[in-house]
């Protein structure tokens, strides 16, 4: 289900980028719910899809490997029916790349709360694995032990004392749910949904729409302020045209946004 992250240094690292690839089934409503950037690659095969993004740099150090593994885990928590995800180095060439921080709004372990045996197991590796199983239960009601162990060895072998410790955590979690007939902790605690799935999606999508509109308005105001403020002339070229790149860099927005809102403003004059 998951590819382990390549952690060996390669030559000409500056010429490399990272391919973040996700495969699964569904209509990809998650892209809009979490406000993710548009994928650089997209393929559809009936109900199945393959999407991919090109990321800045590569992830060879332990710290950066932990970071990219966390993002892969977030995809599991946030997307329905993921069948495969990976992050691997590729030749950058002339590809446009994205910052990994653009994916940090995906669900993380810290956003979830499980109460069963909470005092007994405090470490984050345990809770990450437990959350992984909870996700499987929510989709199909059962998580094969081999799937759990493979996920653990691919993502957390460097976070525990040894291999046997990690396997012990897997056995403990798997047996816990096996003894409860694969009911989630939310079911055990009589958790009741307040919304249907359709109502939930509509609510999240409406909130996302409002956030996007607010973000766009903030960007528009920043652009207008730049071209009408006290230092507006500093943003012009010798030809008198606006220096789109300079404005974008100064107010930290995309060139496309600057171009769009300048055109809208001048069209209204």
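In my numbering, the protein residues as written are 2 to 270.
The beta carbon of each residue, even a glycine, is placed where N, CA and C say it ideally should be.
Sorting 215, 140 and 107 by C-alpha distance to the C-alpha of residue 36 places 107 at the top. DSSP places residue 185 outside both helix and strand once states are collapsed to three, so it counts as coil.
Residue 256 and residue 250 have their C-alpha atoms spaced approximately 8 Å apart. Within the same chain, 224, 228 and 243 come within 7 Å of residue 263 by CB-CB distance, once the 5 residues on both sides are set aside.
Residue 105 carries a coil assignment under DSSP once its states are collapsed to helix, strand and coil.
Looking from the CA of residue 84, the closest CA among 24, 133 and 45 belongs to 24.
The continuous alpha helix (DSSP H) containing residue 166 extends over residues 164 to 179. Taking 8 Å as the cut-off, the beta carbon of residue 99 is found closer than this to the beta carbon of residue 38.
Annotation for residue 157: the continuous alpha helix (DSSP H) segment containing it runs 146 to 157. Residue 51 carries a strand assignment under DSSP once its states are collapsed to helix, strand and coil. Our two residues, residue 180 and residue 134, have alpha carbons roughly 14 Å apart in a direct line. In summary, residue 75 is buried, with 16 or more beta-carbon neighbours lying within 10 Å of its beta-carbon over all protein chains present.
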